[in-house]
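Peer 1:
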Amino acid sequence: MRNFIFILFINTFLLNAQQIFSPDNYLQLIFKLVDSKPVYLLNYKQKPIIKESTLGIDLNDQPDFIDGFTIEKTDTLTFYENWQPVWGEQSTITNYYKELKITLSQMVPEKRIMIITFRLFNDGLGFRYEFPQQNNLNYFVLKEEYTTFALTGDHKAFWIPGDYDSQEYTYTTSLLSQVDATKGSGFDEINTKNIPGPDYIQTPLMLKTSDGIFINIHEAALSGYPVMYVKVDKKCYSLQSHLCPDAVGNKAYIQTPFTTPWRTIIVSDKAEKILESKLILNLNEPTGFKDVSWIKPQKYIGIWWGMHVGTMSWSYGNLDNVHLNTIDWNNVKPNGMHGATTENTKQYIDFASKYGIDAVLIEGWNIGWEDWFGKWKEEVFDFVTPYPDFDIEYLSDYAKQKNVELIMHHETSSSVTNYERRLDDAFSYMKKYGYDAVKTGYVGPIIPRGEHHDGQWMINHFLRVVEKAQQYKIMVDSHESVRPTGLHRTYPNWLTSEAARGNEFNAWSKGNPPEHETILPFTRLIGGPMDYTPGIFQIKIDYYNPDSKFQVHTTLAKQLALYVTIYSPLQMAADLPENYERFSDAFQFIVDVPVDWSETKVLKAEPGDYVITARKDRNSDNWFIGAITDEEAREFNVKLDFLTADKYEMTIYKDAPDANWKTNPMKYEIENKKVKKNDILKLKLAPGGGCAIKLKPLK
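Take 159 as the starting number for the sequence shown in our numbering and just add one per residue.
(1) For Lys797, collect the residues of the same chain with a Cβ closer than 7 Å to its Cβ; drop the 5 residues on either side in sequence, then sort them by chain order.
(2) Within 10 angstroms of its Cβ, does Tyr238 collect 16 or more other Cβ (buried), or is it exposed?
(3) When you compare only the Cα positions, how much space is there between Ile677 and Ala315?
(4) Quick check: what's the CA-CA separation for Asp193 versus Ser571?
(5) Going by DSSP in three states, Lys512 sits in which element: helix, strand or coil?
(6) Shorter than 7 Å, the distance from the beta carbon of Ala785 to the closest heavy atom of the ligand ADP, or not?
(7) Looking at the secondary structure, which residues open and close the beta strand (DSSP E) in which Glu239 lies?
(8) Return the CA-CA distance between Phe164 and Ile348, expressed in angstroms with no decimal places.
(9) Quick check for students: name the residue ranges of the alpha helix (DSSP H) that lie wholly in the region 385 to 460, counting only runs of 4 or more.
(10) Can you tell me where the alpha helix (DSSP H) with Val623 in it begins and where it stops?
(11) Note down, in chain order, each residue of its chain lying with its Cβ closer than 7 Å to the Cβ of Ser335, except the 5 sequence neighbours on either side.
(12) May I have the straight-line CA-CA distance separating Trp317 from Asn374, to the nearest angstrom?
(13) Nearest by alpha-carbon distance to Lys457: which of Ala850, Asn795, Trp819 and Asp754 is it?
(14) Please return the same chain residues whose Cβ sits closer than 7 Å to the Cβ of Leu938, not counting the five positions on each side in sequence.
(15) For Lys805, report the span of its beta strand (DSSP E) as first-last.
(16) Based on the DSSP output, what are the partners of His496 in its beta bridges?
(17) Quick test of your reading: Met386 and Phe680, contact by CB under 8 Å. State the CB separation rounded to the nearest angstrom.
(18) Can you tell me whether Val406 is buried or exposed? The criterion is at least 16 other CB atoms within 10 Å of its CB, across all chains shown.
(19) In three-state terms, what does DSSP make of Ala595?
(20) Is DSSP giving Phe167 helix, strand or coil here?
(21) Cβ atoms of Asn174 and Lys195: under 8 Å apart, would you say?
(22) Are the CB atoms of Ala378 and Ile359 nearer to each other than 8 Å?
(23) Please state the DSSP three-state secondary structure of Ile684.
(24) Candidates Thr712, Ile684 and Lys301: which alpha carbon is nearest Glu673's?
(25) Taking only the alpha-carbon atoms, compute the straight-line gap between Phe167 and Pro206 and give it to the nearest angstrom.
(26) Report back the beta-carbon spacing between Ala510 and Tyr545 to the nearest angstrom; my notes put them in contact at under 8 Å.
(27) Taking DSSP's pairing of strands, which residues face Met272 in a bridge?
(28) Excluding sequence positions up to five away, which residues of its chain have a Cβ less than 8 Å from the Cβ of Pro403?
(29) Are the Cβ atoms of Leu645 and Leu380 separated by less than 8 Å?
(30) In chain order, what residues of the same chain have a beta carbon less than 6 Å from the beta carbon of Thr598, not counting five sequence neighbours either side?
(31) Can you look up Pro679 in the DSSP assignment and give me helix, strand or coil?
(32) Looking only at DSSP bridge pairs, what is Gly464 linked to?
(33) Grouping DSSP H, G and I as helix and E and B as strand, with all else coil, what is Lys314?
(34) Quick one, are the C-beta atoms of Asp540 and Arg580 less than 8 Å apart?
(35) Quick one: Cα of Ile748 to Cα of Ser778, how far?
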């Protein structure tokens with residue numbers, strides 16, 4: 159009876175409606191004007207996913223784009239291509255969709271045009287608003303976007319608050335009706351936060367229906383526009399878009415012609431297919447870079463974790479009221495903990511050279527760290543003046559001799575106007591000393607004061623940095639930045655970003671619960687790679703400070719598995735070199751695991767519970783598998799039918815029988831054996847545990 163009523167409703171709604179089907183016919187998109195308002199529906203395998211949902215844009219001081227429409231024309235097309243990313247999880251990506259473009263007109267009182275474009279893929283839907291250049295709409299100020307997603311029920315949701323300034327929260331799993339974005343674990347650990355209310359949550363938003371349909375809502379190609387959050391209507395289970403405001407409450411300043419980012423809905427009855435989706439990337443434009451030979455995925459170590467566990471500091475001396483260029487640093491007494499010294503950096507370079515690690519990141523190398531945190535200061539860093547104990551010229555020459563790259567660190571202190579003024583000088587300085595990659599940071603409230611990390615001004619800034627870096631042939635790893643939306647297809651030098659709660663929280667806070675890494679692939683990583691900084695071997699922080707109660711909330715084996723399950727073309731071996739020397743047999747997996755892949759297969763997955771991913775090296779025939787679980791111990795049978803050769807030598811790094819993330823996290827075993835294609839691999843994961851596997855073909 160339910161299906162009969164649904165079919166009857168659809169047939170009635172289809173009168174005077176436009177529709178397209180996905181290439182495999184599983185998804186159906188329907189568009190119609192209802193009372194002169196644009197409305198869409200999305201169905202999957204003849205089941206409603208998005209019920210009748212309205213679309214529209216509200217403007218300041220001009221008539222809105224919400225109603226009063228007539229359909230001027232419709233256009234459809236079918237598109238198919240295979241394309242090759244510069245780097246990524248696949249060497250070839252298929253882009254196959256059906257498109258419906260609706261041109262709408264209003265008389266307000268003179269004619270205005272708005273176009274809504276829908277692209278329907280086998281794995282979901284993307285749609286956006288387009289505003290052609292026209293006499294009656296050259297420039298406008300956007301008040302709000304009214305895109306709705308009317309869901310079919312009170313779905314299970316994996317969410318974090320829709321914070322204008324931070325994504326560094328642990329995830330909450332709840333029904334939509336139970337969402338309260340003002341409460342949750344770790345809220346007191348966020349330095350800069352601005353949550354508009356209890357019903358506002360961030361995208362990517364992962365949902366699961368009561369009948370086992372997985373739905374992911376996000377956006378693609380975010381450029382020139384603020385971040386979209388969604389507001390939950392807990393009575394009718396509808397989501398409405400909400401854009402990050404600027405300092406005076408406006409959302410965006412638009413000059414036509416203009417297209418908004420794509421709003422995306424990924425749908426499947428298999429969780430694994432959500433993770434394998436390339437819909438976000440396919441909705442971004444191909445890169446216009448003529449030369450990409452200088453863009454190289456890398457593994458790196460760094461002077462970084464020591465600051466988080468308290469054995470090193472970013473700052474050089476104990477000073478107050480620091481002003482750039484007013485202190486004779488050669489007369490400042492060192493605090494004795496400065497990490498970025500010439501001697502320390504040289505040791506890191508030696509370690510990287512010994513193990514074939516591509517690069518070394520050095521944080522705290524430049525003056526200004528003594529007196530800025532939380533003070534909203536404008537002139538903090540100049541990005542070109544090292545501390546007196548950091549010999550940049552010597553170290554650059556030494557790294558070159560050792561065939562090791564160096565990664566520059568630019569903490570902007572969120573004084574973004576200061577960074578933009580100095581950007582050319584900073585990048586010129588990098589190139590002078592042979593640095594080809596930069597890690598940027600945006601800790602604290604933004605300057606210009608009143609702007610937010612996710613507002614239009616900052617979205618433009620992040621792209622200005624990436625575009626300027628491209629001019630200097632510099633790769634970018636951005637921290638405390640906007641969460642990604644697939645722009646690494648267009649800007650392949652934007653290798654990775656943080657934009658979520660990373661591994662460092664385990665060193666000095668309540669940390670990341672064991673389920674955290676099983677949710678990230680379904681949420682934050684849907685939009686692009688994450689610099690999660692895995693590879694911590696010394697799990698208990700009381701190793702450095704006997705009074706510390708903090709720890710990493712995984713087993714050591716799970717830290718290895720994260721190199722496969724959490725994708726980034728710039729992967730950090732985050733622990734201290736001396737800890738890797740203590741566990742050199744386990745460190746061998748980090749040495750071996752690639753950062754660039756030709757194939758990716760998600761073998762088993764369930765958000766919040768477990769993820770098992772297999773990837774094939776882009777530069778060899780080796781396969782790697784990562785398997786992780788939440789706080790529950792789990793056992794799996796994994797069929798090796800995806801392998802491309804007949805026989806393999808397998809090395810598996812696994813939890814010991816008595817391993818446990820809380821009580822015995824550093825106990826692991828390494829096993830070598832031979833396996834064949836189609837064998838069944840039995841995996842046993844400890845609570846909070848995992849395993850990492852290398853498969854090398856036998857000739």
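We put the beta carbon where it would ideally sit given N, CA and C, even for glycine.
Peer 2: Straight from the coordinates:
(1) Scanning its chain for C-beta atoms nearer than 7 Å, with the 5 sequence neighbours on each side dropped, one finds around Lys797 the residues Asn836 and Ile838, in chain order.
(2) Tyr238 should be labelled exposed.
(3) Each residue's Cα considered, the two are about 11 Å apart.
(4) For Asp193 and Ser571, the distance between alpha carbons rounds to 50 Å.
(5) Lys512: helix per DSSP, three-state reduction.
(6) Among the components of this structure there are no ligands whatsoever, and the ligand ADP is therefore not found.
(7) Counting along the chain, the beta strand (DSSP E) containing Glu239 begins and ends at Thr228 to Trp241.
(8) Confidence at Phe164 is low in this model, with a pLDDT of 49, below 50, so its placement is unreliable and the value that follows should be read with caution. About 45 Å.
(9) Listed in chain order, the alpha helix (DSSP H) runs fully inside the region 385 to 460 are 429 to 434 and 437 to 440, counting runs of at least 4 residues.
(10) Gln614 to Gln629 is the span of the alpha helix (DSSP H), which, as asked, contains Val623.
(11) Same-chain partners within the cutoff: Asp312 and Lys392.
(12) Computed Cα separation, rounded: 11 Å.
(13) The shortest C-alpha separation from Lys457 is found at Asp754.
(14) Any answer about residue 938 is impossible in this case: the structure gives the chain only from 159 up to 857.
(15) Note, Lys805: beta strand (DSSP E), Lys805 to Asp813.
(16) Ser471, per the DSSP bridge assignment.
(17) Here Met386 is actually not in contact with Phe680; their C-beta atoms are around 18 Å apart, not less than 8 Å.
(18) Of the other Cβ atoms in all chains shown, fewer than 16 fall within 10 Å of the Cβ of Val406; this residue is therefore exposed.
(19) Looking at Ala595 - three-state DSSP - the assignment turns out to be strand.
(20) Since pLDDT at Phe167 reaches only 49, below the 50 mark, its modelled position is unreliable, and no value is offered.
(21) Not closer than 8 Å, so no.
(22) With respect to Ile359, Ala378 sits apart: the two C-beta atoms are not nearer than 8 Å.
(23) Reduced to three states, the DSSP call for Ile684 is helix.
(24) Distance from the Cα of Glu673 is smallest, within the candidate group Thr712, Ile684 and Lys301, for Thr712.
(25) Here Phe167 scores only 49 on pLDDT, less than 50, and its place in the model should not be relied on; the value that follows carries that caveat. If I take the Cα positions, the gap works out to 11 Å.
(26) About 21 Å separates the beta carbons of Ala510 and Tyr545, which is beyond the 8 Å limit, so they are not a contact pair.
(27) Per DSSP, the beta-bridge partners of Met272 are Leu262.
(28) Tyr322, Pro384, Lys409, His610 and Gly613.
(29) Against a cut-off of 8 Å, the Cβ pair of Leu380 and Leu645 comes out as a contact.
(30) Answer for Thr598: His568 and Ser636, listed in chain order.
(31) Looking at Pro679 - three-state DSSP - the assignment turns out to be helix.
(32) Its beta-bridge partners do not exist; DSSP assigns none.
(33) Taken through DSSP and simplified to helix, strand or coil, Lys314 comes out as strand.
(34) Yes. Within cutoff.
(35) Rounded to the nearest angstrom, the two C-alpha atoms are 16 Å apart.
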